[in-house]
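Peer 1:
Numbering (our numbering), first residue to last: 35 to 190.
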């Protein structure tokens with residue numbers, strides 16, 4: 035039987051409560067020296083990447099450390115991805131309610147290796163697509179540039 039003490043202590047998850055019986059063996063894994071525990075902030079944020087984890091780290095604190103989201107962020111559709119091999123979770127989170135409205139009730143404690151992902155809006159996807167295709171469009175329009183210049187001069 036595996037017990038997640040972080041969930042029991044920090045989140046009050048009573049499903050993690052247990053009673054030891056005679057003959058039970060308790061194994062507490064040791065952290066590998068030098069191994070840094072982290073959470074990951076990905077997507078439309080100003081400074082994406084790994085962030086050192088500490089036991090009381092919340093999403094609001096993580097977003098503050100990252101400098102917030104970009105203009106193309108769909109912050110109402112943020113997700114916490116908890117990659118627990120035995121019980122993976124995806125938690126929906128409206129960062130607008132948390133960060134703009136100040137609704138601390140929806141703030142979440144993070145766990146080591148959590149991934150907080152903020153997706154991109156549709157218009158931001160469109161703009162990224164246009165930025166990628168623009169060089170190709172410019173290349174194909176090069177032969178017509180002299181024609182457009184001559185016509186512009188003729189109309190003046």
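Where is the CB? At the ideal position from N, CA and C, for every residue including glycine. Computed from a prediction, not measured in an experiment: that's the story for all the values here.
Restricting to runs no shorter than 4 residues, where is the alpha helix (DSSP H) found entirely within the segment 80–123?
Peer 2: Those alpha helix (DSSP H) runs which fall completely within the segment 80–123 and span 4+ residues are 93–100.
Peer 1: Considering only the alpha carbon of each residue, which of 131, 150 and 103 lies closest to residue 139?
Peer 2: Comparing Cα positions, the closest option is 131.
Peer 1: According to DSSP, simplified to helix, strand and coil, what is residue 168?
Peer 2: The answer is helix: DSSP assigns residue 168 an H, G or I state.
Peer 1: Could you spell out the range, first to last residue, of the beta strand (DSSP E) harbouring residue 149?
Peer 2: Note, residue 149: beta strand (DSSP E), 149–152.
Peer 1: If you count every other CB in all the chains shown that lies within 10 Å of the CB of residue 118, and 16 or more means buried, which is it?
Peer 2: When all chains shown are included, residue 118 counts as exposed.
Peer 1: In terms of DSSP beta bridges, what is residue 72 paired with?
Peer 2: Beta-bridge pairing links residue 72 to 86.
Peer 1: Buried or exposed for residue 109, please, with buried defined as at least 16 other CB atoms from any protein chain shown within 10 angstroms of its CB.
Peer 2: When all chains shown are included, residue 109 counts as buried.
Peer 1: Got a sec? Which residues, its chain only, sit under 6 Å from residue 78 by beta carbon, not counting five neighbours each side?
Peer 2: Excluding positions up to five away in sequence, the list reads 103, 104, 106, 107, 152 and 154.
Peer 1: Check this for me: beta carbons of residue 87 and residue 169, under 8 Å apart or not?
Peer 2: No. Outside cutoff.
Peer 1: Considering only residues of the same chain and omitting the five flanking positions on each side of residue 91, which have a CB-CB separation below 6 Å?
Peer 2: Hits under 6 Å: 144.
Peer 1: For residue 81, collect the residues of the same chain with a Cβ closer than 6 Å to its Cβ; drop the 5 residues on either side in sequence, then sort them by chain order.
Peer 2: Contacts found: 100 and 101.
Peer 1: Is the separation between the beta-carbon of residue 20 and that of residue 129 shorter than 8 Å?
Peer 2: Past the boundaries of the shown model lies residue 20; the chain is included only from 35 to 190, so the question cannot be answered.
Peer 1: So, helix, strand or coil for residue 54, using DSSP?
Peer 2: Residue state, collapsed to three classes: coil.
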